[in-house]
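Number of protein chains: 2
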Amino acid sequence: MIKRSYHQYCALAKALDVVGERWTLLILRELITGPKRYKDLVGALPGMGTNLLATRLKELEESRLLERRPLSTHAGVFVYQLAYRGKKLGPALQELARWGFALLGQAEHDETFRPHWAISFLYGAFDAKAAEGLNETYQFIVGPETIQIQVHGKKMNVLQEAAPKPDLTFTLEEQTLIEIIGRQLTFSAALDRKKIQTIGDTPVLQHFFKIFGTRPGEEKNSWVTLG
Amino acid sequence: MIKRSYHQYCALAKALDVVGERWTLLILRELITGPKRYKDLVGALPGMGTNLLATRLKELEESRLLERRPLSTHAGVFVYQLAYRGKKLGPALQELARWGFALLGQAEHDETFRPHWAISFLYGAFDAKAAEGLNETYQFIVGPETIQIQVHGKKMNVLQEAAPKPDLTFTLEEQTLIEIIGRQLTFSAALDRKKIQTIGDTPVLQHFFKIFGTRPGEEKNSWVTLG
DNA sequence: CCGCATCCTCGGCGATACTG
DNA sequence: CAGTATCGCCGAGGATGCGG
Numbered sequence: 100m101i102k103r104s105y106h107q108y109c110a111l112a113k114a115l116d117v118v119g120e121r122w123t124l125l126i127l128r129e130l131i132t133g134p135k136r137y138k139d140l141v142g143a144l145p146g147m148g149t150n151l152l153a154t155r156l157k158e159l160e161e162s163r164l165l166e167r168r169p170l171s172t173h174a175g176v177f178v179y180q181l182a183y184r185g186k187k188l189g190p191a192l193q194e195l196a197r198w199g200f201a202l203l204g205q206a207e208h209d210e211t212f213r214p215h216w217a218i219s220f221l222y223g224a225f226d227a228k229a230a231e232g233l234n235e236t237y238q239f240i241v242g243p244e245t246i247q248i249q250v251h252g253k254k255m256n257v258l259q260e261a262a263p264k265p266d267l268t269f270t271l272e273e274q275t276l277i278e279i280i281g282r283q284l285t286f287s288a289a290l291d292r293k294k295i296q297t298i299g300d301t302p303v304l305q306h307f308f309k310i311f312g313t314r315p316g317e318e319k320n321s322w323v324t325l326g
Numbered sequence: 100m101i102k103r104s105y106h107q108y109c110a111l112a113k114a115l116d117v118v119g120e121r122w123t124l125l126i127l128r129e130l131i132t133g134p135k136r137y138k139d140l141v142g143a144l145p146g147m148g149t150n151l152l153a154t155r156l157k158e159l160e161e162s163r164l165l166e167r168r169p170l171s172t173h174a175g176v177f178v179y180q181l182a183y184r185g186k187k188l189g190p191a192l193q194e195l196a197r198w199g200f201a202l203l204g205q206a207e208h209d210e211t212f213r214p215h216w217a218i219s220f221l222y223g224a225f226d227a228k229a230a231e232g233l234n235e236t237y238q239f240i241v242g243p244e245t246i247q248i249q250v251h252g253k254k255m256n257v258l259q260e261a262a263p264k265p266d267l268t269f270t271l272e273e274q275t276l277i278e279i280i281g282r283q284l285t286f287s288a289a290l291d292r293k294k295i296q297t298i299g300d301t302p303v304l305q306h307f308f309k310i311f312g313t314r315p316g317e318e319k320n321s322w323v324t325l326g
């Protein structure tokens, strides 16, 4: 069983040989928020056949993007976690999500949603310049899920485990989060209407607004110049 | 004919709905260096069925990532060029290539190569910090192909058309380029052995070495933190 | 029940021939 | 030259089975 390849001596093609096939990047997205069990992945990837998931996990382990580790608390149970090479894909995922951010309209009825996918939304809203000089941790509690991100030195990181003391904690319902992403509700309005409970100091909240508050529109981009 | 989708309300999944299918990102890679004709794309994408190429081009035009434009000089001939939305994918392609850079070994015999693919290699070698404060244009003439890149403000851009006066021009054979990428030959050694002809001032050449000279190894990366 | 493996069907993909 | 048509194959998706 030889793996399909583009057979091109090109860094981009090589990357796509490893992570370019269907579902692969979404599996890695799931692991950004920490190690996950097989059943968690099945639950977060509706439409994906379980056989295909098992195959992809094996491929990703062979490619050394992730590791399969026995869960100490439950015998016979395993978790999948990002290995070094998988973690290094972060900037690429971040930029892809940043681009896809512009394609996000309102949620359709046939679309699934998981609170931690809001991270890809935050990647899009993140303003690196506004984050300069700050070093803060933000926590989101959305139903059963807790997400933590750290803003530090123009970078935004996802924390895999609970920070000892986040600078800011938001508690909100999943539906509220969906409405904010879909622009039916602004973050400020949700705060005003008590749909978000906040723990943290006012200046930190102002930092958060500065960093994630503005929706980047279609601004000029010059990575390719027309001469 | 309804398009396949992940049906997830997630920025990354939305991005992959548009550019996640086979060959799509490689088509866009081809257009980074400027508008291309259908035959150019066929030539640069061996293994891809021409029917599939035509389908992808239509999809990408509908998604407004590229535009099909009649070539003024030849009646009935069209070129495909990146549209605004396609250009905005640049940072994502750059980060993906940067990641794939580590997977580049020596060229295999069954691998194809085109000189402009070296851009994805340069993405990987690019040191943003070393580029700070500079604004220079480098030109590579490799056989029939000419590639131009601009380094400006911690960013590396690809120029689609000839810069009026590049600060530095390298002329080399395709085989030399392949050997440099495969680490069988260092850039310096190639210069010493007259395998690369250079036009430009010495300080500019030193800048170039500073920006692209060091091969980033497996350095620590903390975009995901373990707690 | 969880973590896969097997089976089967269908559609996307790859190669080539064909047409304006 | 720029696509379109055709066909065979394999990867993807869904259901089910099975061992720990």
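Chains as they are written, first to last, in our numbering: chain A, 100 to 326; chain B, 100 to 326.
Idealized CB from N, CA, C, for every residue including glycine.
Bear in mind that the values here come from a model prediction, so they are computed numbers and not experimental data.
Flagged as an interface residue toward chain B: A:T211, by a C-beta distance shorter than 9 Å. A:L152 has its alpha-carbon roughly 39 Å from the corresponding atom of A:L290. For the pair A:R103 and B:Y137, the Cα-to-Cα distance works out to about 25 Å.
Around B:V303, the same chain offers E235, D266, L267 as residues with beta carbons nearer than 8 Å, after the five sequence neighbours per side are excluded.
Taking 8 Å as the Cβ-Cβ cut-off, the segment 185 to 199 of chain B approaches chain A at K186, K187, L188, G189, P190, A191, L192, Q193, E194, L195, A196, R197, W198, G199, given in chain order. Shown here, B:V250 sits in a strand according to DSSP, grouped into three states.
Residue-level contact check: A:S171 does not touch chain B, since none of the beta carbons of chain B fall below 9 Å from its beta carbon.
For A:Y137, the enclosing alpha helix (DSSP H) stretches over residues 137 to 143.
DSSP places A:G299 within a strand segment (E or B) once states are collapsed to three.
Going by C-alpha positions, B:F220 is about 35 Å away from B:G175.
For B:E235, no alpha helix (DSSP H) segment is defined; the enclosing uninterrupted segment is the beta strand (DSSP E) at 234 to 241. Beta-bridge analysis with DSSP links A:F177 to A:P169. Using beta-carbon distances, A:R128 counts as an interface residue toward chain B, with a partner under 9 Å. Per DSSP, reduced to three states, the secondary structure at A:Q107 is strand.
Look at A:E129 here: in three-state DSSP terms it is helix. Sequence-distant partners of B:R163 (beyond 5 residues in either direction) whose C-beta falls short of 7 Å from its own C-beta, in its chain, are A182, R184. Taking a beta-carbon distance threshold of 9 Å, B:F220 counts as an interface residue toward chain A. Using a Cβ-Cβ cut-off of 9 Å, A:Q283 does not count as an interface residue toward chain B, since no Cβ of chain B sits closer than that to its own.
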